[in-house]
Every structure is written in structure tokens, then in C-alpha cells.
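Written out as C-alpha cells, the structure is:
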């Protein structure tokens, strides 16, 4: 542990008396740290200074809580060229201004309901500024495309390997317009045959190919996240039979 951080290398935040946690975070160009997750068991976003103290210039005392029902938490976010923050979680897509206020130029009130993906796990921004949202648990991979004004313009669904038990966890948009949906596929009744799965789409969301890799652990496999590498390859990161599992794919 780095003991120059808060004297012992660790720090605990008690934002509220309810459920508070971070699910995704990112270091910004100014070395501040943006994070999303739950604040008081609701959809929340927060920003920290480089020393991990809350940034009082962001939102209210460093945080903003969206007033959705309890249990709807933010899971992923992206930042557009204007510094606006687009966060997803549950069936919600929410846009905040760079200073942490709800951006009411998005879907009139700052948020939209994605009743197609339903369980939103990942968001990315395409080169043309549109948003891609991926997710859905124990069903099929699902993807939706949104314009910056908050209108849904396209959807896509893929049953990987015809098992009906897919878990989409991430989406990547490449410079050439190709889209990759990443996660795990398997049988939704017995949870057998789970394997890391990648679906590649053309920029028009037309199917191009799918790839799977089986670690051999039967039903005890899951993907939690992905990581794009500088050479264009990407990793799927999760577990297999209670062990860390990482698979790497060509672009």
C-alpha cells in the first residue's frame, strides 16, 4: 500500500447512511477522478480531486444523485467531446454536464429509459457522436444506438450459439465503424456451456461474425469487463471456476 495516501494507503468514504459504492471510474486529463455507482442506493456520480478528496466544484459537494427508484445504480460511463458525462445503469441512460448537473438538453429532462436493453452495463461513443449501449442478463446480447439529443435510433439483438443465456457486459466501437459486443454466452436454464463471447457488427449494426472461447468450467464462467489495448486488440476479463480468466482477441 502507498502510505503517502491518507497516511495508511486506504480511505473509506461514508457519503450517506445508505448504500454507497463505485462501479466504474476514470482518471481525467486534469488528474481528477470521475466515478459512477450508487449514492444512498440510487444512481450516483461523483468526482474526486487527485488526492481522492471529493471535488466540491462538482455537483453538490462532489456528487450528484439521480432520483430514480432505489436499486437502480450507475454501472458505466463515457465522456463526449464537450465534456458531458453519459452514464448508464438499470434501464436508464443519464447525461450530466461537465460540472455534474443533469443535462436537460438530453431527452428533455436529462435521462431516457432504455426499455430494449433493459439492463444497461456498458456505453461507448461512436466517432459520429452517437451512443452505443449494451447489456441484458440471461437472455440475448442487446444493443441500442442513441443520438445525442436522447432519441433511440437503432437496436440489435444476438442469440450467441443459440443458448438463450447470454450476458452482454461491454461494447467497443472501432475507428472503422465496426462494433463489438462482448460478454459470455450459455444455457439460460442449466447455465451450462458458458464461454467468453464476442459479436462483431458492421457500422450499420449488421452481423459480421461471432467468436467464443471455452475455458472448460461449464456453467461457472462470467465476463465482468473488457479492456481495449493500444494495438487494437482487446481483453475480456472475468472468472472461470472461481479463478481469474482473461481472453485476448484480435480486432
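Numbering (this note's numbering), first residue to last: 46 to 296.
Beta carbons are placed, not taken as given, at the ideal position from N, Cα and C, and that holds for glycine.
As the structure is a computational prediction, the values presented were derived from the model and not from experiment.
{"Query": "Simplified DSSP assignment, three categories, for residue 251", "Result": "coil"}
{"Query": "Extent of the continuous beta strand (DSSP E) to which residue 92 belongs", "Result": "87-93"}
{"Query": "Nearest to residue 117 (by Cα), restricted to the options 101, 107 and 83", "Result": "83"}
{"Query": "Top-ranked residue by Cα proximity to residue 123, from 135, 112, 140 and 184", "Result": "140"}
{"Query": "Under 8 angstroms between C-beta atoms of residue 211 and residue 184", "Result": "yes"}
{"Query": "Cα-Cα separation, residue 209 to residue 243", "Result": "15 angstroms"}
{"Query": "CB of residue 190 within 8 angstroms of CB of residue 177, strictly", "Result": "yes"}
{"Query": "Minimum C-alpha distance to residue 188 - residue among 94, 241 and 215", "Result": "215"}
{"Query": "Residue 293 vs residue 266 beta-carbon contact at 8 angstroms", "Result": "no"}
{"Query": "Residue from 163, 182, 261 and 202 with nearest C-alpha to residue 269", "Result": "182"}
{"Query": "CB of residue 121 within 8 angstroms of CB of residue 152, strictly", "Result": "no"}
{"Query": "Enclosing beta strand (DSSP E) for residue 196 [first to last residue]", "Result": "That residue, residue 196, is in no beta strand (DSSP E); it is neither H nor E in DSSP."}
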